[in-house]
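Worksheet: one structure, shown below.
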Amino acid sequence: FGLLTIFKCRLTDLHSFSDAGSFDHKKFFAACGLSKKSGDDVKKAFAVIDQDKSGFIEEEELKLFLQNFKAGARALTDDETKKFLKAGDTDGDGKIGVDEFAAMVKV
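Anchor point for the sequence shown: position 21 equals 21 in the UniProt record's numbering, and the numbering is continuous, going up by one each time.
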């Protein structure tokens, strides 16, 4: 299943993040309605983004975040990735767990 299907993101929602440096996770979650989704849907999204199934979203997986929503989307820049990771990594272990992801989505 695709995250576009779960979250009903429109491709126009994703277009505003197509330029390097334009990604803001809060605006993205709001545009795609992630903050209004159930805990189960948020966990499904986490499972898709956690491509290595480690139970955490690491920096390399965050870099490819937009590609989970649209094939061929750009990778996040290093700066965008680091900001995204810093926003979600509340325990400072360098990765985002499912509870951290859920908290970040709901903000």
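Ideal placement from N, C-alpha and C gives every residue a C-beta, glycine not left out.
- Nearest neighbour of lysine 82 by Cα position, chosen from Phe69, Leu64, Lys70, turns out to be Leu64.
- Runs of alpha helix (DSSP H) with 4 or more residues, each lying fully within the UniProt domain "EF-hand" (76-107), are found at 78-88, 98-106, listed in chain order.
- Lysine 43 and valine 98 do touch by the CB rule: their CB atoms are close to 6 Å apart, below 8 Å.
- In this structure, the CA atom of phenylalanine 29 is about 6 Å from the CA atom of serine 35.
- Residue pairing for phenylalanine 23: DSSP places it in no beta bridge.
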